[in-house]
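Chemist: Here you go, one structure.
Numbering (our numbering), first residue to last: 10 to 348.
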């Protein structure tokens, strides 16, 4: 079973999304694990002659594995060579890589390559009380792009989309292109591939990595604090509530929504796939989260639905330096997603 909600504004990958089959995006290559919680699918054909994009793809993966190469996982080999990629020593700049959020979805196929690991997670979270059948996960999809014509000027080469005005603005004297990888009209960015992550809000998942490394500089302290608190209050899986319908308990979990938004919903089953359609109870009361706070949270995420540099940045600083909440400076955000 596959349930998905993708941003309608993401027209640049509409042709890829039309190729959905099962739970995979079919674009000539299979999904491959690059860490226990993240998978990648390249846009490039295995024998593509586009050398620049092959190198950009290899660079993206190698950067995302760079902090994990000394680690070993029983179910995963994190060596870039095992993934069939060359190891390039060229000094490709992180600033030529960009990304944007595609959306959230529910994957009930249970084919994550590490079913035993997932089952243990469920048991630890007390989710797995139905003999191991609870294999549905909320996942996040994001796309990574490369600018083959990058001139070495850092992210100051790009105009950034302003959410308030709806226009692109230059924050340096060196702008030559737009940070518009989310747009089908982009003349600079080429799709490297699609990533999907198992953990959205719980633990050290996607949101936690994004917020502490990039959100703190992008949003400012107050909004960062709010978003972090919201992340921690979101359900970290299909949770049983105290509510009952027709004598059976109801369950609550994150619900993917249109335009790459997320909401909350009640469900009648332990995998949180069958929506509760009654009117006596609602998910926001069950979780203690207000619908207004969820709307504000989605508004904050709007910026990541449009093109963003992989490098964390602060537009209020002349040199774009971002001192994040984890002690990093200008962290390679796309790499940190893979932790």
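Note that CB positions come from ideal geometry on N, CA and C, so glycine has one too.
Going by alpha carbons, who is nearest to residue 149 out of 221, 344, 208 and 338?
Modeler: For the residues 221, 344, 208 and 338, the minimum Cα distance to residue 149 belongs to 208.
Chemist: Helix or strand or just coil, what does DSSP make of residue 175?
Modeler: The answer is coil: DSSP assigns residue 175 none of H, G, I, E or B.
Chemist: Residue 271 bridges to which residues according to DSSP?
Modeler: Answer by DSSP bridge pairing, in chain order: 265.
Chemist: For residue 332, tell me which candidate among 174, 228, 304 and 182 has the shortest Cα-Cα distance.
Modeler: Looking at the Cα atoms, 228 is the closest of the given residues.
Chemist: Are the region 240-254 and the region 312-322 touching, with three or more C-beta to C-beta distances below 8 Å?
Modeler: At 8 Å Cβ cutoff, the stretches do not touch.
Chemist: Considering only residues of the region 149-232, which uninterrupted alpha helix (DSSP H) runs meet the minimum length of 4 residues and lie entirely inside it, listed in chain order?
Modeler: If we require 4 residues or more, the alpha helix (DSSP H) runs fully inside the region 149-232 come out as 215-219 and 225-228.
Chemist: Quick check: the region 198-206 against the region 221-237, are at least 3 beta-carbon pairs closer than 8 Å?
Modeler: No, they do not touch.
Chemist: Quick one: using the 10 Å Cβ neighbour count with 16 as the cut-off for buried, is residue 273 buried or exposed?
Modeler: The residue in question, residue 273, is buried, as its Cβ has 16 or more Cβ neighbours within 10 Å.
Chemist: Can you list the beta strand (DSSP E) stretches of 3 or more residues lying completely in the region 259-335, in chain order?
Modeler: Those beta strand (DSSP E) runs which fall completely within the region 259-335 and span 3+ residues are 271-276.
Chemist: Counting Cβ pairs, one atom from each stretch, are 3 or more of them under 8 Å apart for the region 337-346 and the region 218-228?
Modeler: Enough Cβ pairs lie closer than 8 Å, so yes.
Chemist: For residue 147, which beta-bridge partners are listed by DSSP?
Modeler: Residue 147 pairs with 115.
Chemist: Give the DSSP-derived three-state secondary structure of residue 39 in the structure shown.
Modeler: Looking at residue 39 - three-state DSSP - the assignment turns out to be coil, as it is neither helix nor strand.
Chemist: Rounded to whole angstroms, how far is the Cβ of residue 156 from the Cβ of residue 198, which I believe are closer than 8 Å?
Modeler: The pair is a contact, with the Cβ atoms about 6 Å apart (cut-off 8 Å).
Chemist: Residues in its own chain within less than 6 Å of residue 146 by CB, not counting five upstream and five downstream?
Modeler: So the list reads 116 and 207, once near-sequence residues are dropped.
Chemist: What residue range is occupied by the uninterrupted beta strand (DSSP E) comprising residue 105?
Modeler: No beta strand (DSSP E) contains residue 105, which DSSP labels as neither H nor E.
Chemist: Quick check: residue 259 and residue 296, are their CB atoms within less than 9 Å of each other?
Modeler: Their beta carbons are not under 9 Å apart, which means residue 259 does not touch residue 296 by this criterion.
Chemist: Per DSSP, which residues does residue 241 bridge with? Please list them.
Modeler: Residue 241 pairs with nothing; no bridge assigned.
Chemist: Among residues of its own chain, excluding the 5 on either side of residue 103, which ones have a beta-carbon nearer than 6 Å to its beta-carbon?
Modeler: Excluding positions up to five away in sequence, the list reads 319, 320 and 341.
Chemist: Can you tell me where the alpha helix (DSSP H) holding residue 343 begins and where it ends?
Modeler: Looking at the DSSP string, the run of the alpha helix (DSSP H) that includes residue 343 is 342-345.
Chemist: Output the distance between the C-alpha atoms of residue 325 and residue 283, rounded to the nearest integer angstrom.
Modeler: Each residue's alpha carbon lies about 45 Å from the other.
Chemist: From residue 77 to residue 230, what does the alpha carbon distance come to, in whole angstroms?
Modeler: Here residue 77 scores only 40 on pLDDT, less than 50, and its place in the model should not be relied on; the value that follows carries that caveat. Spanning the two alpha carbons is a distance of roughly 29 Å.
Chemist: Here's a check: name, in chain order, each residue in its chain whose Cβ is nearer than 6 Å to the Cβ of residue 165, leaving out the five neighbours to either side.
Modeler: The residues are 181 and 183.
Chemist: Taking 6 Å as the limit between beta carbons, can you name the residues of its chain near residue 187, skipping five residues before and five after?
Modeler: The answer, listed in chain order, is 168 and 177.
Chemist: Where residue 215 and residue 278 are concerned, what is the direct C-alpha to C-alpha distance, given to the nearest angstrom?
Modeler: Taking the straight line joining both Cα atoms gives about 26 Å.
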